[in-house]
Amino acid sequence: MIVVGAGVVGCSVAFQLARMGARNVVVLERETLPGTGSTSRANGGIRAQFTTEVNVRMSLLSMEILDALEEEIGQPSAYRKAGYLFLTDSPEKLAAMERAVEFQRSSGVDVEVLDAAQVRRRVPWAAGESLAGGTFGARDGFIDPGRLCGFFASEAAHLGVSFLHGHEVTGAAEKAGEWILSTANGRSFAAPVVVNAAGAWSARLGRAFGVDVPVEPVRRHLFLTGPIHDMPPVIPMTIDADTGVLVRREGERVLVAWSNADERPGFDTSCDPEFVLRFADALEARFPAVAAAGIDQRRSWAGLYEVTPDHHAILGEVPGRSGLILATGFSGHGVMHAPAAGRCVAELILRGRSESVDVAALSLGRFARGALIHEAMVL
Ligand SMILES: Cc1cc2nc3c(=O)[nH]c(=O)nc-3n(C[C@H](O)[C@H](O)[C@H](O)COP(=O)(O)OP(=O)(O)OC[C@H]3O[C@@H](n4cnc5c(N)ncnc54)[C@H](O)[C@@H]3O)c2cc1C
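The opening position of the sequence shown corresponds to residue 28 in this note's numbering, with each subsequent residue numbered one higher.
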């Protein structure tokens, strides 16, 4: 079996395959280390506050896997349950959030609905004369993306998986029930099963197989403020649902993100210093203490989301291409869903179907069928 891409998703697939007893697993990675793609740029948030069944199931399975691996991964914990808190000034939005909570609770997610006073108690540094309320998921929080990816890679290697770095897959052909992959450095590899876990580059890799993989790279910025001493050392991921501005602690600083709906697809990962002007007013209005600390441009960066038309991953075998599996398109949720994705893909390969989560809704075929899935809580 060959996994292409040693990001958190490919490493999780390799780890789960090895744990489930697979032998002859090879990971081909273009770069010289695992996890240097989008994984190294991520914010690391994990939440089960979603509005689609499959997103909730993937999050809950990831959380279960992370809890089970806690001792093995070791300290400091790679998964910190600081919570996700969504807040709003709008009574209509709060009503929609309450409906989402009903659905989440029915799927086994522990979420609280907060009134304005409860929001203020949890995040007193957030301004809100006209706050309507919010929601809080205590099991949500943060994952350290590099640590998790490194853990999956080293455990997989320990169990016999071969990691070949500096191997960019550039060609693929089908021959006698096997895929023959060729790499830019002139080598070739054969296997009956290949997993495309190439993240933002998976459409390009898909073309080598003659498959249209609808995943586009979209730049996403993260900014660090200067040091802030008058806020608690741990705060939830706090999202202003009215503007999309979100903040969390990163050491003595605060990390700030905002998603630009107009960002054009492309591979540019330069950090635009002017970008912050687009959401400066919203940051100042909701999180004045954070805005007052100022943005430290030298400690800010951008990376790529791997985005599908419906902001859900593509997981499963490509119709008509036996043994070619897609594990990509996580659209901003790839770190949090990597533990679950690894398990689901390994089950699919070794047992013929994903048993832990029904991932039928995430098939590539949904795009041709027009069976897109709508997630209302995209960040
Ligand atoms: C700013 C930012 C914030 C984010 N915040 C969060 C968050 O809070 N929570 C969350 O869950 N997710 C978040 N994400 C998304 C998350 O980073 C991605 O979904 C996740 O890292 C995807 O992992 P991956 O393994 O699929 O991709 P990658 O980590 O990009 O790995 C793909 C790998 O494939 C390799 N590759 C590509 N083409 C080839 C080829 N032809 N041959 C060989 N190797 C190849 C690449 O070199 C790369 O190492 C964020 C992303 C960004 C940019």
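Beta carbons: idealized from backbone N, C-alpha and C, even for Gly.
Cβ-Cβ distance between residue i and residue j below 8 Å
| i | j | result |
| --- | --- | --- |
| G198 | S209 | yes |
| D167 | R291 | no |
| L251 | R276 | no |
| G233 | G62 | no |
| G361 | V138 | no |
| N70 | H339 | no |
| V317 | I255 | yes |
| N223 | V240 | yes |
| R68 | G359 | no |
| G350 | V221 | yes |
| V136 | T265 | no |
| V179 | F357 | Before going on, a small fix: residue 179 reads as Phe here, not Val. Cβ distance not < 8 Å, so F179 and F357 don't count as in contact. |
| R214 | V272 | no |
| A235 | A45 | no |
| M28 | H364 | no |
| V303 | I322 | yes |
Residue nearest to residue i in terms of C-alpha spacing, selected from the options
| i | options | result |
| --- | --- | --- |
| G343 | C176, G369, R126 | G369 |
| F394 | D385, F77, I341, V372 | I341 |
| Q145 | L88, Q131, A309, L114 | L114 |
| S117 | G392, A309, G161 | G161 |
| Y332 | P315, S286, S349, D323 | S286 |
| A319 | R325, D308, R326, A329 | D308 |
| G32 | D257, L391, A288, R231 | R231 |
| I100 | D171, A49, C298 | D171 |
| R126 | S157, E97, T79 | T79 |
| P260 | R107, G379, H364 | R107 |
| D337 | S390, D385, G321, I352 | S390 |
| P315 | R57, M28, A95, G155 | G155 |
| Q131 | I262, G164, A105 | G164 |
| S39 | E382, E374, P103 | E374 |
| G34 | T296, C176, Q102, N51 | C176 |
| M258 | L282, V242, E97 | L282 |
| V384 | E97, E98, S134 | S134 |
Neighbour-count burial assignment, residue i, 16 or more Cβ in a 10 Å radius
| i | result |
| --- | --- |
| A431 | Residue numbering for the chain in the displayed model covers 28 to 406; residue 431 lies beyond these limits and cannot be assessed. |
| D267 | buried |
| R148 | exposed |
| F294 | exposed |
| T59 | exposed |
| R305 | exposed |
| M47 | exposed |
| H185 | exposed |
| S229 | buried |
| R378 | exposed |
| A95 | exposed |
| G253 | exposed |
| A159 | buried |
| A122 | exposed |
| S89 | buried |
| P300 | exposed |
| E56 | buried |
For residue j and residue i, the rounded distance between their alpha carbons
| i | j | result |
| --- | --- | --- |
| G187 | V54 | 11 Å |
| L112 | Q76 | 10 Å |
| G278 | P366 | 25 Å |
| M124 | M404 | 9 Å |
| V407 | T270 | There is simply no residue 407 to check, as the chain begins at 28 and stops at 406 in what is shown. |
| T335 | H248 | 19 Å |
| A200 | E91 | 38 Å |
| E402 | E205 | 37 Å |
| H194 | W152 | 48 Å |
| G397 | L87 | 27 Å |
| G72 | S65 | 14 Å |
| N212 | L191 | 12 Å |
| E311 | Q324 | 17 Å |
| K202 | G347 | 14 Å |
| P219 | G237 | 17 Å |
| K120 | L141 | 13 Å |
| G110 | F216 | 44 Å |
| I400 | A387 | 12 Å |
| A354 | S157 | 43 Å |
| L406 | R380 | 30 Å |
| V49 | I352 | Here the sequence assigns Ala to residue 49, which means Val is not the residue at that position. Their backbone Cα atoms lie some 16 Å apart in a straight line. |
| S327 | C298 | 7 Å |
| L93 | P103 | 13 Å |
| E382 | A288 | 35 Å |
| S189 | S181 | 10 Å |
Which runs of the beta strand (DSSP E) spanning at least 3 residues fall entirely within the stretch 229-282, listed in chain order? Within the stretch 229-282, the complete beta strand (DSSP E) segments of 3 residues or longer fall at 243-251, 264-267, 273-277, listed in chain order.
Taking only runs of the alpha helix (DSSP H) that begin and end inside the stretch 87-168, which ones reach a length of at least 4 residues, in chain order?
Every unbroken stretch of the alpha helix (DSSP H) spanning 4 or more residues and falling wholly within the stretch 87-168 is given here in chain order: 118-133, 143-149.
**Report entry** Ranges of the beta strand (DSSP E) found wholly within the stretch 205-231, counting only runs of at least 3
**Finding:** Segments of the beta strand (DSSP E) lying fully in the stretch 205-231: 205-210, 215-218, 221-223.
Worksheet entry | 3 or more residues per run - each beta strand (DSSP E) lying fully within the stretch 338-390 | DSSP runs (the beta strand (DSSP E)) wholly in the stretch 338-390: 341-344, 351-355.
Open item on the list: So within the stretch 281-316, which uninterrupted beta strand (DSSP E) runs reach at least 3 residues, ignoring any that extend past its ends?
Closed with: Runs of the beta strand (DSSP E) inside the stretch 281-316: none found.
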